[in-house]
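Start counting the sequence shown at 320; every next residue gets the next number (my numbering).
A short worksheet on the structure shown next.
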Amino acid sequence: PPMPGMTMADAFKYHVNTTLNDALQQAGKKAQQALPADKLGLLGEPTPQHFNAPSGTGLWGDITDQSPGCPKECAPLSGGWEDAPDARAAIVRAAGAALGFPEAPLVPVAHVLRPLHALHLHAKQNCRVDCTHYCYHPRVWEGVLDAVYRPIANWARLL
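This is the structure we're talking about:
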């Protein structure tokens, strides 16, 4: 069978939701124009962050404690965010729906990584633990890669 085409979105560098939405709309339209009908387009949820934010979202933009103390670990999501898409993921989902991406080709990256707050890199930036980037151990990424490969395999079976 022909190889699928793939479009992924990683929105962790966006802190302004309108900028993220605009970028997704523009990239999605270009991908739709370039993607032949016999190819599969996949849209990936952004990887969750696990900063200790009072809202429980884990997002860098939601941190209110700017004290000089250095947190030693990343925080689990809380306040209902353990199973819910954060603001960036909600924008990716809405943009995908607006562009006609069905739910099945939405790669559930955030769903896989939400509970894995302890698997971030141990690097520190300006006295903060890096709660955005994950360690590169293969076991961390097996679930994410399964979430990528499974829709491709299912799509290939339909050809």
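Using N, Cα and C, we set each Cβ at its ideal position, and we do this for glycine too.
- Rounded to whole angstroms, the Cβ separation of Leu396 and Gly377 is 5 Å, and the two are in contact under 8 Å.
- DSSP links Tyr453 through a beta bridge to His439.
- Take the alpha-carbon of Asn473 and the one of Thr383: they are about 43 Å apart.
- Between Val431 and Leu361, the gap from beta carbon to beta carbon reaches 8 Å or more.
- Leu362 is bridged by DSSP to Leu425.
- Bounds of any alpha helix (DSSP H) do not take in Ile382, whose DSSP letter is neither H nor E.
- In this chain, the alpha helix (DSSP H) harbouring Ala409 covers 406-417.
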